[in-house]
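Have a look at the structure below, then the notes.
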Amino acid sequence: MKVAVYSTKKFERSFIEKANDGKHELIYLDKPLSTNTCNLAEGCEAASIFTNDDASSEVLEKLAKLNIKAIATRAAGYDNIDIQKAKQLSIQVANVPEYSPYSIAEHTIAMIQALNRKIVLADKKVKDYNFCLDELVGYDLNGKTVGIIGLGKIGGILAKILHGFGCQVLGYDIQTNKDYEEKYKVQYVTLEDLCKQSDIISLHAPLNEHTKYNNFFSSIVILTLLFSLNISSNKIFDGDYTDGTIDQLILAGIGGDVIIISKILSYWIISSIPTISIIPFFGILYSSEINYVFSLMIVSLFFTIALSIIIC
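Residue 1091 is where the sequence shown starts when you use this note's numbering, and the numbers rise one by one after that.
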C-alpha cells in the first residue's frame, strides 16, 4: 500500500521505517494535511496524519476524490478528524488506542520537579553568569497534597508515584477506583474540595463534550497553589484562562504539555513569566513509546480493519 505520511519529523523516520519493515511504500511529507496539501497524496491509497493535521469534511472530500481509502493517525486523539464524514465517504480511520500511561505519568513528575526546583530558571541564570540563589528555593514533595483531575490509567500511575514520594493524593473523577484508594491512599473528593485542599493540581482528563474548553480551575481563584499542570488535551485547558485570572491566582507556577494560546496577551503572559513552563506535546516522546505508536499505525494500515484500533 502506498501511504502519504503527513507532518513527518526527522526523528520519526527511522522509527517508522523500522515499524514498517517494507510492508508499505511510504511517502514522507513535511507539510501538514490541509486543503492546500491534499494533492500531495495523489496516487496513494492511505494517509498517515498527526494531531495538528486538518482532516475536516472539506479535506476528506478531496482525499476521497484522490481514492484515499484509509487514514491512520499517529495519536490516540482523533478530534481533528470528521469521523461522520469519513464514514459517509467510506474512508476507514484508525488511531493508536492509548499512549503509554507510564511515560506520561513519569513526564508529569519531571514537570512537577522542574517547577518545584526551578530547574529552567536555574539553568537560565547560570548561562547568564548569574549564580545568585534568589528565586530558586524549592520544597519537599513529601507531605504535600496533590490533586489529580482524571484518575484513569495515567492518573492512577501518577497517584502511585506520588504516594511513593509521601504525598497525600486527592482525586476527582466520575468513577472511583477502590484499588487506588487501598494501594495509594487516594481520597476521592469534589472538584471544589480538591481545588481548595491541593498544593499541586494535575489535569489528566480526556477530551470530550463535557471537558472541551472547560475551565476546571474556576473554583481556585484567590486560592494558593504551588502550581498547576495540564498533561491532557490542548483543548481542555484554554490559554485565554490566564488572561482574566492569572493576576487573581497565587500560583508558584504553571506547567503544560499542551495548551491553546489564542491571544497575544496570553502568549505575552506565558512567555514572560519564568514559573510558567509550556512544552510542545512531548510527554509521549520516549523511544519505546514511539516504537509502540508507529507499530500500531503500520498494523492498522496493513490489516485495514484491525481490531480495536479502528474507529470507523
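Even glycine gets a Cβ: it sits at the ideal position worked out from N, Cα and C.
Since the structure is predicted, the reported quantities are computational estimates derived from the model, not experimental observations.
Worksheet item: Of the residues L1116, K1214, L1156, N1126, which one's Cα is nearest the Cα of S1404?
Response: The shown model of the chain, from 1091 to 1402, leaves out residue 1404, and the question about it has no answer.
Practice prompt. Can you have a look at G1237 and say buried or exposed, based on whether 16 or more other CB atoms are within 10 angstroms of its CB?
Written response: buried
Discussion item. Less than 8 Å between C-beta atoms, sequence neighbours within five positions excluded: which residues of the same chain meet that for K1121?
Written reply: Y1096, S1097, T1127, L1130
Worksheet item: Within 10 angstroms of its Cβ, does R1103 collect 16 or more other Cβ (buried), or is it exposed?
Response: exposed
Item to complete: Taking 8 Å as the threshold, find out whether the region 1168-1180 comes into contact with the region 1138-1148 through three or more Cβ pairs.
Response: yes
Discussion item. According to DSSP, T1235 sits in a beta bridge with which residue or residues?
Written reply: Q1258
Fill in: Whole-angstrom distance between S1124 and E1282, CA atom to CA atom
41 Å
Worksheet item: Where do the ends of the beta strand (DSSP E) carrying S1292 lie?
Response: 1290-1293
Practice prompt. Give the single residue among Y1192, V1279, V1259, V1149 whose Cα lies nearest to the Cα of I1290.
Written response: V1259
Discussion item. At the 8 Å Cβ level, is D1144 part of the contact set with chain C, yes or no?
Written reply: Going by chain labels, chain C is absent from the structure shown, which holds only one protein chain.
Item to complete: Would you mind listing the beta strand (DSSP E) stretches within the region 1188-1245 that are 3+ residues and don't spill past its ends, in chain order?
Response: 1235-1239
Worksheet item: A1137 and A1094: beta carbons closer than 8 Å?
Response: yes
Practice prompt. Using 10 angstroms around the beta-carbon of Q1203, count the other beta-carbons present and answer buried if the total reaches 16, otherwise exposed.
Written response: exposed
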